[in-house]
Structures are given as C-alpha cells and as structure tokens.
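Going by numbering that gives the first Met the number 0, the residue at position 15 of the sequence shown is 14; the numbering climbs one at a time, nothing skipped. Even for Gly, the Cβ is constructed at its ideal location relative to N, Cα and C.
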Amino acid sequence: MHRLITFIVFALCLATSATAQPPPYNWQIQKVLSHNVQDTTFVFDTSTIRGKAKDYNIVNLTYLGKVTTRKGYTFKILTCLWEWNISQRATSRIVVYNDKNQYVGNYYMYSTCELPGKMTNGVLLFNIECDDCAKGTRFKLDLKKGLPQKFFLPCKGNYGDFYTFY
0 MHRLITFIVF ALCLATSATA QPPPYNWQIQ KVLSHNVQDT TFVFDTSTIR
50 GKAKDYNIVN LTYLGKVTTR KGYTFKILTC LWEWNISQRA TSRIVVYNDK
100 NQYVGNYYMY STCELPGKMT NGVLLFNIEC DDCAKGTRFK LDLKKGLPQK
150 FFLPCKGNYG DFYTFY
C-alpha cells in the first residue's frame, strides 16, 4: 500500500510539473491578446505601498504578432518585462501562446536589453543594446520552422547566451 501511495504522489507531481503553467500576469496577457494590436507596449501597474516603500508590480507587454509554422501550428508571440518587489527587480521573457490564447511556454531572457523589438514575417528581430555586448548586434530567429527548444543569441564575437524554451 505504501508503494502505491508513493507512486501516485510521484505521478501527480510529474504530471503537474510537465504541464506548462501560465505566468502570474496571464490576465494582462489575455487583455493584450484580445486587443490584437501589434508593436504597442501595454503597461499594467498594480503596485502597492507598504509603509513608506512601493512594492512594485509593473508588467510591460508587447504583442509582436503571430506566426504559422511550416507544420501548420499558429503561435502568438509577446515580450514581457515584469518589474516586481520593493527592490524593483525585473524579469524578461518572450512569451508564447497558441491560436486559442492558451499559454504554450516562454524563453526566459537574462536581460531586458536582449528582448526582440519586432517580428516580421515570422522572424523575431533582435537589436541587442546591452552595455556589455557589441552595441547594435542584430540577430534573426526564424519561427516559421517551429519553436526552437534552444537558441544562441550572440553578444560579442563568439560570445553570447543560450536560451531554452520552457
């Protein structure tokens, strides 16, 4: 009996972790997707005051557009900059939804200056403006071939970072 309970708990944990969980700002993304306006940044500020300090909760969302892959899947691509906490930390992501506005996954980006600025004909266009990179480094990621599990974003020379789809 003990083995059966252990197996069931393990199976439930595995099933829960394997399912893509939408981000905590999913309701804001749904609003942006319902407007269907490309290349415009929507700002949602639900910050609160704690004593004399501001507890930041600001979400900047930009809908870059949708792409249909060669296999016929349609994905909607957004960039997200989420500023949070009293110390005003920031989290940057490329967020992916399907044609039914259901969360598919995201690429966690290490810096806000690495987010793509535009998508044209299913190709994400990056114009890297990070201080520690070669300013103006350009990179294209073709999503018509599908969502890559991992991609390399160049920074300076042969240096850069790998980004994984979660």
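Cβ neighbours of V122 within its own chain (closer than 8 Å, five residues either side excluded): K139, L140, D141, L142, K143.
Residue pairing by DSSP places V42 opposite N59 in a beta bridge. In the three-state reduction of the DSSP assignment, S91 falls in the strand class. Between the region 71-88 and the region 54-61, the count of C-beta pairs closer than 8 Å reaches three or more; the two stretches touch. Between F164 and Y106, the beta carbon gap of about 6 Å places them in contact (Cβ cut-off 8 Å). If you check the CB distance, P153 and G145 do not come in under 8 Å. In this structure, the alpha-carbon of P21 lies about 14 Å from that of L32. Membership of K30 in the alpha helix (DSSP H) is indicated by the continuous run 25-34. For the region 79-152, not one full-length alpha helix (DSSP H) segment reaches 4 residues or more. For Y162, the enclosing beta strand (DSSP E) begins and ends at 158-163. With respect to the 8 Å criterion, Y102 and N35 are not classified as neighbours on the basis of their beta carbons.
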